[in-house]
Amino acid sequence: MSEFNQPEKKQARWLALCHAVESLTTYRHTSPVVTLDHFKRGMKYVCDMLEKHTSFPCPHEQVKEKSEAFAELHRTRVGKRKANELQVLFLSGPEPMNDLEVMFELGITPENIWAVEADKEIFDQAVESLFVSGYGIKIYRGGLKQFFEIVPQQFDIIYFDACGPLPSSKPSTLDVLRQLFERQRLAPLGVLITNFSQANQDGHSLDLWAKRLGSWFFTRDDWEDFENDYWKHVAEQIHDYYSNFVTRFVIEFGGLLMPWWRVAALDGTRREYYSAAFSDRIDLGPLQAEWLKLEAAPEAMFFQDSFPAYRRVLQMVEENVPKGDPLRRLFCDDTLNRVKLSDAVWLAYALRNCGDPGFSATSELNKKACSQAAVEALNSFRWIDQDERIFCDEPCPHLLADLLLGLYGFPYHCNVAKQRRWRYVATGKVTPMYLDVFVMDQARYFYDLVPTLPLLVDRLRFPDQWILRVCMDGIFRHTRWVCGEWFYASTLAEEGARGFQFHSLPERESIVAEGGGA
Numbered sequence: 003m004s005e006f007n008q009p010e011k012k013q014a015r016w017l018a019l020c021h022a023v024e025s026l027t028t029y030r031h032t033s034p035v036v037t038l039d040h041f042k043r044g045m046k047y048v049c050d051m052l053e054k055h056t057s058f059p060c061p062h063e064q065v066k067e068k069s070e071a072f073a074e075l076h077r078t079r080v081g082k083r084k085a086n087e088l089q090v091l092f093l094s095g096p097e098p099m100n101d102l103e104v105m106f107e108l109g110i111t112p113e114n115i116w117a118v119e120a121d122k123e124i125f126d127q128a129v130e131s132l133f134v135s136g137y138g139i140k141i142y143r144g145g146l147k148q149f150f151e152i153v154p155q156q157f158d159i160i161y162f163d164a165c166g167p168l169p170s171s172k173p174s175t176l177d178v179l180r181q182l183f184e185r186q187r188l189a190p191l192g193v194l195i196t197n198f199s200q201a202n203q204d205g206h207s208l209d210l211w212a213k214r215l216g217s218w219f220f221t222r223d224d225w226e227d228f229e230n231d232y233w234k235h236v237a238e239q240i241h242d243y244y245s246n247f248v249t250r251f252v253i254e255f256g257g258l259l260m261p262w263w264r265v266a267a268l269d270g271t272r273r274e275y276y277s278a279a280f281s282d283r284i285d286l287g288p289l290q291a292e293w294l295k296l297e298a299a300p301e302a303m304f305f306q307d308s309f310p311a312y313r314r315v316l317q318m319v320e321e322n323v324p325k326g327d328p329l330r331r332l333f334c335d336d337t338l339n340r341v342k343l344s345d346a347v348w349l350a351y352a353l354r355n356c357g358d359p360g361f362s363a364t365s366e367l368n369k370k371a372c373s374q375a376a377v378e379a380l381n382s383f384r385w386i387d388q389d390e391r392i393f394c395d396e397p398c399p400h401l402l403a404d405l406l407l408g409l410y411g412f413p414y415h416c417n418v419a420k421q422r423r424w425r426y427v428a429t430g431k432v433t434p435m436y437l438d439v440f441v442m443d444q445a446r447y448f449y450d451l452v453p454t455l456p457l458l459v460d461r462l463r464f465p466d467q468w469i470l471r472v473c474m475d476g477i478f479r480h481t482r483w484v485c486g487e488w489f490y491a492s493t494l495a496e497e498g499a500r501g502f503q504f505h506s507l508p509e510r511e512s513i514v515a516e517g518g519g520a
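In terms of the working numbering, the sequence shown opens at residue 3 and continues consecutively.
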C-alpha cells in the first residue's frame, strides 16, 4: 500500500477537496459570510422594525435604490465559477497523482494547478511520477513560505498538507500561514485546506504545548477553578485543546490579527488613525504602563471598553512561552514594516475604544494613542438608531472603528457554517492528523462601500448605514463564537428569531477506514 494513499487518507482527501470545489462552484452563492439571502432578509427585518417602532418615514422606500445597487455589487464581486476555472495550489509530496486524480475527477484542469515541494529527493520522485502519468502541471522545487512571498498569484484553493504540527520550527507552519494571509495568496472568496499532525509527538514537550495552548485560550476559557493548576488542566486535555487551536488560530489570525497588523504597518494608515508620535516608530511603553495600572484596579470590571482579549493572549504568551518559540516569535518579535504584531494589537484596541463610552478610566489614554481625526470621527458619529433601542444590540462607536480597520486590513472572514473538521490516523501510522476546510471571504462587496476616514462621517446616510449594519450582523453571526471582537454587539435580530442564527464550529469528526479504527 502506498505510504500516502491509505484508505483514511484517500477519504480525507476526497471529503476536503469535494467540499472545497462545491463551495466555490455549485454552492458558491452560499459561501460569502454575507449572502444575498441574508442581506435581503436583514433589510426587510430592519425596515419592518423601523416602520413599527419609530417615526422614520418610509424606510423600505428609502433603502430600495441603494439595496438594489448593493445586490448588483455583491453579484459582481462574488461571481460564478466552474471547476475548470479554479486555480489550485497543493504540496506535492512524492506521489502528487493521489491528489491530482481527485482534482481531475472534480473538474479541475491541469493548467490551473501548481504543486510545491521543498525536498530535492521527494521533488525528483514527484517529477518522475508526473512524467509517467503524462500530466504537465507546474511543480516548483522550493519552500511554500518563499513561494507565497514572491510569486504574485492568488489561488481559489490552497491545500496546505503540512505534515507537521501547528506551530512547528521545521517546517515553520506559522510562517507559511503568515505569508499566505499577509500576501493575500487566497482569492477574495476561496478555500484553505489545512492538515496538521498531532501536538507533542515526541512525548517530551507536554509542558511546552500546555503553555502554548493555555496562553492562547486562558482569557476565553471561563476558567474559575483557581485552586487547581490551569496548565495541568490543559495538559490533561491536550488533544482537545490542540484540535480547537488548529482551527481557531487560522480563523483568528487571518480574520483579525493579520488585518490589525497590516493597518499598523501601513505608514499612511498609521498616520491617519494613530497619534503622530507613532509616525516613524512605535513606542507604546509609557502608555502601556498607564493602561495596565488603570485596568488592574477593581473598578476596571465596570469599564465599558471592549475587553482586550488579544492583549491578554499576547501577555500570556510573553510571560509563559520561552523565547525562540515560533508562537512567541510571531507575537512578540517578528515585524511587518518594522511594526510588531503585539504593538498593532494594542493600537487596534485604542482605536476601537477611543469613541467615548459611558465611562472608562482608560478613555483618555485611548484618545492619546489615536489621531485627532479618528477621535473626532468616533466621538461625533452617531448611528441612526443609537437612542432607539429597538434592535438586539445598541450600536456603539467601535463598529465604526472596525469598519476602518477592515477597510485597510483586508480580513479573511471564515464562513463558519461551512467549516469542516476531521481527525484520522492513516493505516500503518500512529500519528493523528487534524484536517480543516475553511471557506474564507474578504467581503470586499461590503468593505469597499466604506469611505476613508476624511470622508466617512458625513457620507453615511440612512440607506448607507443600514446596508453596513445588516452586513455587520451577517459577519458577526459567523465570528461570534470564534473571533467575536470583530463587529462585537452588532446583532440586529434577537437570538432565536426565525431566519437569523449564529454559527458555531462543528465537532471534529473521525475518519475511519472500513474495519479500522481512528
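In this text, a Cβ means the ideal position worked out from N, Cα and C, and glycines have one as well.
Query: Three-state class that DSSP yields for His206 in the structure shown; Result: coil
Query: Rounded separation between Val439 and Cys416 - CA only; Result: 10 Å
Query: Per-residue DSSP class, three states only, for Leu168; Result: coil
Query: Of the residues Lys213, Asn368, Gly357, Arg180, the one placed nearest Val323, counting alpha carbons only; Result: Lys213
Query: 6 Å CB neighbourhood of Val441 in its chain, flanking five on each side removed; Result: Ser25, Ser33, Val193, Asn417, Lys420
Query: Element boundaries [alpha helix (DSSP H), containing Gly411]; Result: 400 to 411
Query: Contact under 8 Å by Cβ, Leu93 with Trp424; Result: no
Query: Whether Tyr47 touches Leu494 by CB criterion (8 Å); Result: yes
Query: Three-state class that DSSP yields for Leu88 in the structure shown; Result: coil
Query: Inter-residue CB distance, Ala371 and Leu455 (contact presumed, cutoff 8 Å); Result: The pair is not a contact, with the Cβ atoms about 16 Å apart (cut-off 8 Å).
Query: Trp483, buried or exposed, once every other Cβ within 10 Å from all chains shown has been counted against 16; Result: exposed
Query: Pair within 8 Å by beta-carbon distance, Glu107 and Ser131; Result: no
Query: Three or more C-beta pairs below 8 Å linking the stretch 99 to 116 and the stretch 139 to 150; Result: yes
Query: Exposure of Gln306, with buried meaning 16 or more beta-carbon neighbours within 10 Å; Result: Low confidence applies to Gln306: its pLDDT is 47, below 50, so where it sits in the model is not reliable enough to give any reading.
Query: Within 8 Å, strictly: CB atoms of Val472 and Phe41; Result: yes
Query: Contact belief for Leu168 with Phe251 at Cβ below 8 Å, rounded distance in angstroms; Result: 7 Å
Query: Sufficient close CB pairs (3 or more, under 8 Å) joining the stretch 490 to 504 to the stretch 389 to 403; Result: yes
Query: Strand pairing of Thr337, partner residues [DSSP]; Result: Lys342
Query: Residues near Met3 by beta carbon distance below 6 Å, same chain, minus five either side; Result: Low confidence applies here, because Met3 scores a pLDDT of 47, under 50, leaving its location unreliable; read the following figure in that light. Closer than 6 Å at Cβ, skipping near neighbours: no residue.
Query: Distance CB(Leu208)-CB(Ile240) smaller than 8 Å; Result: yes
Query: Residue environment, Val432, which counts as buried when at least 16 other CB atoms sit within 10 Å; Result: exposed
Query: Distance, Glu366 Cα to Leu457 Cα; Result: 25 Å
Query: Cβ-Cβ distance between Arg15 and Asn86 below 8 Å; Result: no
Query: Glu2 versus Phe383, Leu507, Leu353, Tyr436, residue with shortest Cα-Cα distance; Result: There is simply no residue 2 to check, as the chain begins at 3 and stops at 520 in what is shown.
Query: Which of helix, strand or coil DSSP assigns to Gly498; Result: coil
Query: Range of the contiguous alpha helix (DSSP H) that encloses Phe149; Result: 146 to 152
Query: Nearest-angstrom Cα separation, counted from Val427 out to Lys172; Result: 22 Å
Query: The stretch 171 to 187 / the stretch 324 to 337 touching (three or more Cβ pairs under 8 Å); Result: yes
Query: Three-state secondary structure (DSSP) of Cys505; Result: What sits at residue 505 in the sequence shown is His, not Cys. Of the three classes helix, strand and coil, the one that applies to His505 here is coil, per DSSP.
Query: Three-state secondary structure (DSSP) of Tyr29; Result: coil
Query: Proximity test, Cβ basis, 8 Å: Gly256 and chain D; Result: Protein chain content of the structure displayed is limited to a single chain, and chain D is not contained in it.
Query: Which of helix, strand or coil DSSP assigns to Ile139; Result: coil
Query: Neighbour-count burial assignment, Ser217, 16 or more Cβ in a 10 Å radius; Result: buried
Query: The stretch 258 to 265 contacting the stretch 407 to 415, beta-carbon criterion three pairs below 8 Å; Result: yes
Query: Best match in Lys68, Asn368, Leu402 for proximity to Leu289 [C-alpha to C-alpha]; Result: Asn368
Query: Proximity winner among Glu53, Val319, Thr249, Val452, relative to Gly408 (alpha-carbon distances); Result: Val452
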